[in-house]
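Some notes on the structure that comes next.
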Amino acid sequence: MRKNFWSKSLLLGLMLSIGQVVFAQDLKNDNGYKAQLAAVESQLKKGDIGGALAIIEETLQQYPNGSDLYYAKSLLYAQVRNFDVAIPAAEQAVEKSPDNMLYKNHLLELYKASEDYEDAIVFLDKLIADQKDNPQLYREKIMLMHSAKLSLEALKVYDETKAKFGVSDTLDVLKAEILMDLDRPREAAEALKPWREKKTQIRQVYSSLSYIYVDASNFKDALTVLEEGLQNSKDDLLYLDLADAYLAQKKSKPAYESLKKAFGSETVNYFDKHRAMFKVMNEPADFSIDQKQELANLLVLKYPRIADSHMFKGDVLWQKGEMDQARSLYLTAVAMQPQLIDAWRKLVNIDLAMNKVSLAITDGMEGLQRHPGNVMLSYFIGVAHMMKKDHAEARKFLEAALDRSVDDDPMVQSMIYSSLGDLYNELKLYAESDVAYEEAIKLDSANSNAMNNYAYYLSLRKEKLDKAAKYAEQANKLEKNSGTFQDTYAWVLFQQEKYKEALYWIELALKNSETSATLLDHYGDILIQLGRSKEAVKQWERALSMTNKGSVDVDKLKKKISEKKYID
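Under this note's numbering, the first residue of the sequence shown carries the number 1307, and numbering increases by one thereafter.
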């Protein structure tokens, strides 16, 4: 069954929009028409979008001039970004009620949202023809033409608008933005400087000037103009620009203090704070983990009912290794906003990272109920079943994830193929395993895990050793200090009888990973082939003493020690 897309808050907004429409003149006293609108609203209250749309279509057959219903239909389809239906419906609403500015504004926004700038400009010209003295429409046209890559023409409209309505700071901010995009920063700065001198209260004047100065490495003027802007505009959003200016100078401490002021402000909206926090989380070198946590704490404190706030804090705690607390925050996020797929993915991922395999399956299945067919949740559940050695269930979920990943990022598909390679190898489906690994590497040439595992399993089977060596070497180039990868390469070289090279790589592996019985067993095998039997026996004895830290054949190990020779 397909999941219902519509949230309660979204439906409420649609009902309010539909309830506030202006009835077409010839229908405002038609009780039958009013009853049909009420029926649409009733279906929306129940969350039955299909039912609401069916009533709309049925009513339009009876009342083809019902502009209200065309508008309602357009709203519903616009919310799921089905512009192919939403735009014609909005055009019908405008045609039926040509004086209704609500419908006209809605249609213009649809053109912009669908990036149909050509039709948007044509429509806007019609609005300007009817409202020649509305400066906002002219400013809208300048922005639309710039968005349509008609920037030079947009500057001509700027000149016309300036001649008609006079100069203004908002108009010159538009001009400066266009000039900056045209890589004409000096002209952009000249357009803004007079407004700085006049101490305008428009934030964008100071923000744009600071960007120009930072881009020119003129950090002193960038900071000065932002301090002036904070004083003149009283707009705390400039603290985010101030943080960017400090970061451009690698001054993380004042950048952090500026972010704290922005995050603590009542006037900076959540969207801008979210954008800034996202940047903080994705540029790890700029701030310490404790600074990140304090910023995340501020978001949770100010926005306790927004799930993303808890997500950010969970991400920070995960980075700190406080995984139980991080998991608790992801649980809070999915409880608050079950449609937030990233929260479900992180919840199941951290279950796996904590080796809570059964929880990963439980949480993953609950997430799939909310998001049927989700590729990453299916993948994680498959991995969890594989960790439980439940190969049949693992195969079901991993193959389902692969089938549904056709339109996904190639890296996601590569990850799924890589896990299928592991699974098929466990099932002794070696041909299928090899194909899966090859596909994983073809899709993502940096998938070092696929390369390593493929190489290791080939070495165990003593097949395609040249290919195994190529992939093992490539994996180590991609990840230079992985003891696991170094052990793989050592074992491939061992199978190729390149024992001196194998010795180099196994000793690297021992330096770069926790000592295990498997590593020591391999070390002994390599040493014995180099004629260093005493050292080999010593490593085998060490391996035997810690067989709980690796999967080795204990009987074979004892025989090697007893006979002081390599046994295949």
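Heads up, the beta-carbon is just placed ideally off N, CA and C, and yes, glycines get one too.
Quick check on DSSP: helix, strand or coil for residue i?
i, result
"A1641", "helix"
"E1459", "helix"
"S1788", "coil"
"F1593", "coil"
"N1753", "coil"
"K1734", "coil"
"G1620", "helix"
"G1338", "helix"
"N1411", "helix"
"Y1369", "coil"
"T1821", "coil"
"L1488", "coil"
"N1310", "In this predicted model, N1310 has a pLDDT of only 36, less than 50, meaning its place in the structure is not dependable enough to derive any value."
"Q1507", "coil"
"Y1872", "coil"
"M1587", "helix"
"Q1599", "helix"
"P1394", "helix"
"Y1609", "coil"
"P1716", "helix"
"G1627", "coil"
"V1328", "Model confidence at V1328 stands at a pLDDT of 41, short of 50, so the residue's coordinates are unreliable and nothing is read from them."
"E1421", "coil"
"Q1555", "coil"
"N1538", "helix"
"E1572", "coil"
"R1387", "coil"
Might you give, ordered along the chain, the residues of its own chain that have their beta carbon closer than 7 Å to the beta carbon of residue i, omitting 5 neighbours on each side?
i, result
"A1392", "S1380, Y1383, A1384 and L1416"
"E1732", "H1697"
Taking all protein chains shown into account, decide if residue i is buried (16 or more other Cβ within 10 angstroms of its Cβ) or exposed.
i, result
"R1509", "buried"
"T1794", "buried"
"K1504", "exposed"
"Q1368", "exposed"
"A1344", "exposed"
"I1812", "buried"
"N1575", "exposed"
"I1873", "exposed"
"S1539", "buried"
"N1753", "buried"
"R1387", "exposed"
"V1473", "exposed"
"E1589", "exposed"
"N1411", "exposed"
"I1518", "buried"
"F1267", "Here the chain has residues from 1307 to 1874 only, and residue 1267 is not among them."
"K1526", "exposed"
"I1834", "buried"
State yes or no: is the C-beta of residue i within less than 8 Å of the C-beta of residue j?
i, j, result
"A1528", "Y1545", "no"
"R1682", "R1633", "In the sequence under discussion, the amino acid at residue 1682 is Met, which differs from the Arg named in the question. No; because the gap between Cβ atoms is not below 8 Å, this pair is not in contact."
"V1689", "S1725", "yes"
"I1355", "L1375", "no"
"N1758", "A1778", "yes"
"A1377", "A1341", "Rather than Ala, the amino acid found at residue 1377 in this sequence is Tyr. No; because the gap between Cβ atoms is not below 8 Å, this pair is not in contact."
"M1717", "D1669", "no"
"V1654", "A1641", "no"
"V1463", "I1448", "yes"
"A1454", "Y1423", "yes"
"A1659", "M1629", "yes"
"Y1685", "I1722", "yes"
"E1807", "L1816", "no"
"Y1805", "L1764", "no"
"D1621", "H1580", "no"
"L1635", "L1623", "yes"
"L1477", "K1468", "yes"
"L1488", "S1516", "no"
"L1450", "A1426", "yes"
Spatial neighbours of residue i within its chain, please: C-beta separation below 8 Å, excluding the five flanking residues on both sides.
i, result
"S1514", "V1479, A1482, E1483, M1486, A1494 and L1498"
"D1715", "none"
"W1894", "Residue 1894 is absent from the structure shown; the chain starts at 1307 and stops at 1874."
"N1603", "K1619"
"Q1555", "F1525"
In chain order, what residues of the same chain lie with their CB nearer than 6 Å to the CB of residue i, ignoring the 5 residues before and after it?
i, result
"S1851", "none"
"F1471", "P1441"
"L1433", "L1443"
Is residue i close to the ligand GTP? I mean its beta-carbon at under 7 Å from any heavy atom of the ligand.
i, result
"H1677", "Ligands in the displayed structure: none, and consequently the ligand GTP is not present."
Ranges of the beta strand (DSSP E) found wholly within the stretch 1653-1698, counting only runs of at least 3
As for any beta strand (DSSP E) of minimum length 3 sitting wholly inside the stretch 1653-1698, there is none.
Could you tell me which whole alpha helix (DSSP H) segments of length 4 or greater appear in the stretch 1428-1454?
As far as the stretch 1428-1454 is concerned, its whole alpha helix (DSSP H) runs of at least 4 residues are 1441-1453.
Alpha helix (DSSP H) segments (min. 4 residues) lying fully within the stretch 1764-1818:
Qualifying alpha helix (DSSP H) stretches, in chain order: 1771-1784, 1789-1801 and 1805-1818.
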